[in-house]
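Reading through the structure tokens given below for one structure.
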């Protein structure tokens, strides 16, 4: 196989006839138009995001329309007709409407009619069609320019200048590249502390493009320092449905750990596992550094924490008095309480809780609550792993990286089955619920299990706090 | 279009637009297609958990975030963004404040009546900034204290005082001069300077104001604490906002007086903590059909349809269309699954985007074979008359400036990734003190620590602090060296070395951190630095290889012509000599290396057995 240089147009395969391209393109436009007409005829909502029974088929029809007109482009990319059809199909899919009435610009759903092939409830897909309009128009302008500008230059400026339009087109491509890479650079430099120029460029110029094309990654992997990973521990509490109000409802609880390698390493390369690790990372976003809470609130938070109690034993016999004990505080202030940021508190955690409540629904039982703990799995230091004791200056048994005390479990809240935080003033909310090692380290895992395993070595306040025994070991 | 020697854009123009062989791009397409196929097939068991209506990031939260997430305007000059209203971040406090707003009358006149005390208090506790800064500070402290006392008075009126005490309070306020000993609570300084009538009037305002507060004791506390701690200089604006007098650039920015507007305003404030009217832009420019599909059968149907598209893209069939579909489809998964993404999704997007821009189906694809078939058919039908485009097509992939552009974009982006990753590591202390390597090697969730053999090895290594120090230092320095030097040295003669080092780095990450798919994407991106010739030599069919065949066909018979064109299209090694019998012999005859002429199905079988391109499919010959 050898490679040859293509140059004059006779070296290119004869293109598909314009008529055929036009027919295909117009079929696409027609389908998008049909989707729009269906919306009008079937009385689909023209305002807001309310769902209509014909939304799915209409969206599909519009998408197929755009796809077919896209096929027309691919049949003969150098002819403007295909691009124009694609722009037309996209326009019909995206829709048309009147401007927002004055004073209502800030409304989430402005009070104006919007008629489109893609239903208004599928508004995210409308965004795609909006972008497709521009691509179609740019393609049209591009092909028209390449077709007519050389001739124009030849006639107006001179025969020597026919190559200039092509160079101009390259210059336009370079401008596009500059925009693209400047956007990527703004994303790269956007993590705090954000430079002034980056901030403006990202927010004012590049944001929609970077978000749309998912090019807004800062590429700062394991930076500035590699950190520990997290797990999510979830305790779902059920209450048996009862027929009479007098009947005492039976209760049960289950724990779920996210991610659990044995359960979630579903595919050979473990994508399902790593995706779940990302889920845990997304709730490990705290309030901005330097955030100072309201002094009154801070005082109340500490007062509530001091009043926090858990049962001494979960497995008490029915009717016996419950003895409550204090949850010990950590000696490290910086580790004691970690408040997630607003997005996590108000949206991510409720969504997780709602998902768990839905996924763990059992017939005959109601999900009463979902308690979520974010367990930071601290990485043991090299000296701990070796067993070097800095206090005594001796070498002991090296620490087990999976030692339970390396899990710092932060209570993220108790949620109802709809994902609503039951008590925002819970005494332990966002506080560390400790797992305390009471006995000396074990030499090896055999010794660990021989002596009784977790319950011999540790006091687990997480189980007590959740009032449900957590599976360990 | 392709000649860049004389271009006005100079060396940059030549760098980006000189035509190049698209073979590397085609090879990258195959590998990317396979990884994308795997990545998305891996979604299958978890599809509803990640993309469904009740996914971890459910439709409600996802759609809300996508439609509403506000972007606050940032002034270009020295001025700063000033929110019309500030609420607390703590959920229960913001809830109380929003409930307070909600409970205020719609009619601004009624609101004014109810909140008159706030106006009186703010007016009475103003302070003047003077040239004497010290005096100003003293004035400020005094005013601030007085304002807080005024807020506490409301608390007393609402919750502390009994009816009898309130009566005593009225009596005390009516004394002239003011007699504090009669008052059951502390009376703020500003009130003492008023006349008895004014004091009585203010006391009535206090009682009126206390009625506007939430009935729940905690909520009432939250609202009063919020008012007491409200930035002192913005108190007047707060009052104006509450009573409907706040105008910014002629626009009404007060608490909406319309019930529906207020509901939307407060709902937004509850979620995002700001004034929806001040958002420069709302929502994110993301799209995904997964935000709208609720039925599990439809969800799976779309999923498998997309997997089918990935297969077409990988084999390079209709690649101009399928590349766009794969780019769109992968973005749909990414935009919907915002909480389950990691580095590999970024690399995947970069690869697919550049493949979509370039002619990724121009080589190593079914598209290329189909084009060869059309060219062969045209050439064979021409009966010896030269057809330029057909000859060129059959000679191999056509150089293209778009192929070069796509490769250059990929190369530059790869350098940016390394540069950013390397430079950002320099901010971290663990990279400087070399403990970053340990944190990576011993990470219990990502790493290999769960394997007893690995743990044993690590324990053996840490026996010697020096040895471990050397290992950790080497790993750290190697990582930093590769990431920081790659963007510079890759453009030099050291390119093969740098590519090898990059492959080693990602191989290590793949093994140690388990991020195999991420590593595979990075390997694929690194292929962008491979010359096409190398890939053609290693992957493609070598011209002149294989045993020689002779095909006799009748160009007047359409069926024979099609068959001959098929063989010619597949004959990348130039094994077959085509002889047009032009009606002297009918049909198609393929003479094999053994000299035996074959017809009918034997032709296909022989082609499958002999043609170099079809070697991998040789087994199929027995099926035919």
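Chains as they are written, first to last, in the numbering used here: chain A, 82 to 554; chain B, 1274 to 1897. Each residue gets a CB set at the ideal place from its N, CA and C atoms; glycine is no exception.
Between the CA atoms of residue 512(A) and residue 387(A) - distance to the nearest angstrom: Along the first chain, one-based indexing puts residue 387(A) at 306. Along the first chain, one-based indexing puts residue 512(A) at 431. Computed Cα separation, rounded: 11 Å.
Beta-carbon within less than 6 Å of residue 97(A)'s beta-carbon, same chain only, minus the 5 sequence neighbours each way: which residues are those? For this step, residue 97(A) is matched to residue 16 along the first chain. Once the five neighbours on either side are set aside, the close Cβ partners of residue 97(A) are 156 and 157.
According to the Cβ coordinates, are residue 1827(B) and residue 1855(B) closer than 8 Å? Translated into positions along the second chain, residue 1827(B) becomes position 554. Translated into positions along the second chain, residue 1855(B) becomes position 582. Yes, the Cβ-Cβ distance between residue 1827(B) and residue 1855(B) is below 8 Å.
Own chain partners of residue 221(A) with C-beta closer than 8 Å, once the 5 adjacent residues on each side are dropped: The residue given as residue 221(A) occupies position 140 in the first chain. So the qualifying residues of the chain are 161, 164, 165 and 168.
Three or more C-beta pairs closer than 8 Å, one from the stretch 1678-1693 of chain B and one from the stretch 1758-1767 of chain B: is that the case here? yes
Please classify residue 509(A): does DSSP put it in a helix, a strand, or coil? Numbered from its first residue, the first chain carries residue 509(A) at position 428. Note: residue 509(A) maps to coil in three-state DSSP.
Which bits of chain B does residue 133(A) rub up against, with CB to CB less than 8 Å? Translated into positions along the first chain, residue 133(A) becomes position 52. Within 8 Å Cβ-Cβ: nothing; residue 133(A) doesn't reach chain B, min ~12 Å.
Considering only the beta carbon of each residue, do residue 489(A) and residue 457(A) sit closer than 8 Å? In the first chain, residue 489(A) corresponds to position 408, counting from 1. In the first chain, residue 457(A) corresponds to position 376, counting from 1. Cβ distance < 8 Å, so residue 489(A) and residue 457(A) count as in contact.
Go ahead and pull the three-state DSSP assignment for residue 350(A). Stepping through the first chain from its first residue, residue 350(A) is reached at position 269. Coil, per DSSP.
Run through DSSP, which three-state label would residue 448(A) get? Translated into the one-based positions of the first chain, residue 448(A) becomes position 367. DSSP places residue 448(A) in strand when its eight states are reduced to three.
Please give the ranges of any beta strand (DSSP E) in the stretch 1822-1874 of chain B, keeping only runs that are unbroken, at least 3 residues long and fully inside the region. 1822-1826, 1849-1853 and 1861-1864
Which class does residue 392(A) belong to by DSSP, given the choice of helix, strand or coil? For the purposes of this step, residue 392(A) is taken as the residue at position 311 of the first chain. Reduced to three states, the DSSP call for residue 392(A) is strand.
Relative to the C-alpha of residue 1226(B), which candidate in 1829(B), 1884(B) and 1850(B) has its C-alpha closest? Residue numbering for chain B in the displayed model covers 1274 to 1897; residue 1226(B) lies beyond these limits and cannot be assessed.
Report the rounded CA-to-CA distance for residue 1629(B) versus residue 308(A), giving the unit in angstroms. Taking the first residue of the second chain as 1, we reach residue 1629(B) at position 356. Taking the first residue of the first chain as 1, we reach residue 308(A) at position 227. Rounded to the nearest angstrom, the two C-alpha atoms are 36 Å apart.
How should residue 452(A) be labelled, buried or exposed, when 16 other C-beta atoms within 10 angstroms of its C-beta is the threshold for buried? The count along the first chain starts at 1 and reaches residue 452(A) at position 371. Burial call: buried.
On the three-pair Cβ rule with 8 Å, is the stretch 1309-1319 of chain B touching the stretch 1635-1654 of chain B? no
Determine whether the Cβ of residue 1886(B) lies closer than 8 Å to any Cβ atom of chain A. Taking the second chain and counting its residues from 1, one reaches residue 1886(B) at position 613. Output row for residue 1886(B): interface = no.
Could you tell me the boundaries of the beta strand (DSSP E) in which residue 1478(B) lies? Translated into positions along the second chain, residue 1478(B) becomes position 205. Counting along the chain, residue 1478(B) falls outside any beta strand (DSSP E), though it belongs to the alpha helix (DSSP H) covering 1469-1485.
Quick one: Cα of residue 125(A) to Cα of residue 184(A), how far? The count along the first chain starts at 1 and reaches residue 125(A) at position 44. The count along the first chain starts at 1 and reaches residue 184(A) at position 103. Using only the alpha carbons, I get a separation of about 26 Å.
Given that residue 1711(B) touches chain A, what residues does it touch there, using C-beta distances under 7 Å? If you number the second chain from 1, residue 1711(B) lands on position 438. Simply 463.
Are three or more beta carbon pairs between the stretch 1359-1373 of chain B and the stretch 1638-1649 of chain B nearer than 8 Å? no
When the cut-off is 8 Å and only beta carbons count, does residue 241(A) lie next to chain B? Indexing the first chain from 1 puts residue 241(A) at position 160. So no, residue 241(A) is outside the interface.
Paired residues, beta bridge with residue 338(A) - DSSP: Counted from its first residue, the first chain places residue 338(A) at position 257. According to DSSP, which records beta bridges pairwise, residue 338(A) is partnered with 314(A).
Quick one: what's residue 97(A) bridged to in DSSP? On the first chain, position 16 is the one that residue 97(A) refers to. None, per the DSSP bridge assignment.
Rounded to whole angstroms, what's the CA-CA distance from residue 1849(B) to residue 296(A)? Just pull it up for me. Here residue 1849(B) corresponds to residue number 576 of the second chain, with the count starting at 1. Here residue 296(A) corresponds to residue number 215 of the first chain, with the count starting at 1. Cα to Cα, the separation comes out at about 48 Å.
Would you mind reading off the limits of the beta strand (DSSP E) that contains residue 1800(B)? In the second chain, residue 1800(B) corresponds to position 527, counting from 1. That residue, residue 1800(B), is in no beta strand (DSSP E); it is neither H nor E in DSSP.
What do you get for residue 476(A), buried or exposed, if any count of 16 or more other CB atoms within 10 angstroms of its CB means buried? Position 395 of the first chain holds residue 476(A). Exposed is the call here.
Quick one: is residue 1429(B) near chain A, going by C-beta distance under 8 Å? Start at 1 with the first residue of the second chain, and residue 1429(B) comes out as number 156. Output row for residue 1429(B): interface = no.
Measuring only the C-alpha atoms, how far is residue 1453(B) from residue 1532(B)? Taking the first residue of the second chain as 1, we reach residue 1453(B) at position 180. Taking the first residue of the second chain as 1, we reach residue 1532(B) at position 259. Roughly 44 Å separates the two Cα atoms.
Closer than 8 Å to chain B by CB, residue 187(A): Sequence index remark: in the first chain, residue 187(A) carries index 106 (1-based). Yes - at least one Cβ of chain B is within 8 Å of the one on residue 187(A).
Measure from the C-beta of residue 1542(B) to each C-beta in chain A and report whether the shortest distance is under 8 Å. For the purposes of this step, residue 1542(B) is taken as the residue at position 269 of the second chain. It does not; no Cβ of chain A falls within 8 Å.
Where does residue 1554(B) fall in DSSP's three states? By one-based count along the second chain, residue 1554(B) stands at place 281. The answer is strand: DSSP assigns residue 1554(B) an E or B state.
Residue 467(A): contacting residues in chain B (beta-carbon distance under 9 Å): Working through the first chain from its first residue, we reach residue 467(A) at position 386. Simply 1732, 1735, 1736, 1738 and 1741.
Under DSSP, the beta strand (DSSP E) around residue 495(A) begins and ends at which residues? Numbered from 1 along the first chain, position 414 holds the residue referred to as residue 495(A). Looking at the DSSP string, the run of the beta strand (DSSP E) that includes residue 495(A) is 488-496.
If I'm right that residue 1484(B) touches residue 1373(B) with Cβ under 8 Å, what's the distance once you round it to whole angstroms? On the second chain, residue 1484(B) is found 211 positions in, with the first residue counted as 1. On the second chain, residue 1373(B) is found 100 positions in, with the first residue counted as 1. Their Cβ separation, rounded to whole angstroms, is 12 Å, which puts residue 1484(B) and residue 1373(B) out of contact at 8 Å.
Going by alpha carbons, who is nearest to residue 231(A) out of 323(A), 122(A) and 244(A)? On the first chain, position 150 is the one that residue 231(A) refers to. Comparing Cα positions, the closest option is 244(A).
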